[in-house]
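In our numbering, the protein residues as written are 344 to 616. The block underneath contains the structure these notes are about, expressed in structure tokens.
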């Protein structure tokens, strides 16, 4: 016990002496300057290394099903509502259709935060355009803005595969059907125009229905039924898709919410015989 007390007392004195004799950060920096060390080396020595490794991140698997269909009288959009991180279902009630303006909608697939944030930015840019020029921005221009943003930030770890759909009332074309536009934009800056898109982990099942049933001359009512059934089959077969099947339409009068049905209720209507 006496030996331990003596050793403990000596150890405290040694630590106290070392702490009093240790040079401050300013003195170490000044000493290193006199030694003609480069500033980058000084910063590396003086500053403690960060304990956060920004090169590592969680790579959760994401899943969804979103669908866009352009027909002669408008556009039909249908989405599921499940948000998943790997095998974990985070939510069954996510709204994956995002409002840009009264004539334009966007769909959400990939990282929820990325899609929601950048569509808010896109909505702001479209509103600013309207205030500056006194008219609605075209769907072509809005999709190009989002594509340019994605291209600028590619390689930064974003996850996004979205559609921008809308109606251009200012289009000078005499053909009313040509005023409806549907674009796909992803996190690499790709921008593709087409009449049909299915995006997400359940898209392979949705395409199975779309490839069989889709025609450009479909009526809006027929397109709604096909879109709803396509997303249902995706939610039934794909474990990363589920929740509610929501359908919106875009016509010359703007966008309209048509329905929001639980996939379990649709099972009795659309299940395979």
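Note that beta-carbon positions come from the ideal geometry of N, C-alpha and C, so glycine has one too. Being a predicted model, the structure only gives us computed values, none of them experimental.
Three or more beta-carbon pairs separated by less than 8 Å are not found between the region 427-445 and the region 566-581, which leaves the two stretches without contact. Fewer than three pairs of CB atoms, one per stretch, sit closer than 8 Å, so the region 519-538 makes no contact with the region 566-574.
Listed as beta-bridge partners of residue 426 by DSSP are 434.
For residue 513, there is no enclosing beta strand (DSSP E), as DSSP gives it neither H nor E. The Cβ-Cβ distance between residue 406 and residue 427 falls below 8 Å. Sequence-distant Cβ neighbours of residue 594 in its own chain, meaning closer than 6 Å and more than five residues away, are 417. By the Cβ neighbour-count rule, residue 419 is buried, with 16 or more other Cβ atoms within 10 Å of its own. Residue 487: member of the alpha helix (DSSP H) spanning 482-495, first to last residue. At a Cβ-Cβ threshold of 8 Å, residue 506 and residue 589 do not count as neighbours. Beta bridge pairing from DSSP links residue 540 with 411. Look at residue 534 here: in three-state DSSP terms it is strand.
By the Cβ test, the region 503-522 is in contact with the region 443-455, since at least three Cβ pairs between them sit closer than 8 Å. Judged by DSSP in its simplified three-state form, residue 587 adopts strand.
The shortest CA-to-CA distance from residue 533 to any of 516, 482 and 495 is the one to 495. DSSP places residue 560 in no beta strand (DSSP E); its state is neither H nor E. Residue 611 and residue 413 have their C-alpha atoms roughly 27 Å apart.
Cβ neighbours of residue 543 within its own chain (closer than 6 Å, five residues either side excluded): 407, 408, 409 and 452. It is roughly 21 Å from the alpha-carbon of residue 554 to the alpha-carbon of residue 585.
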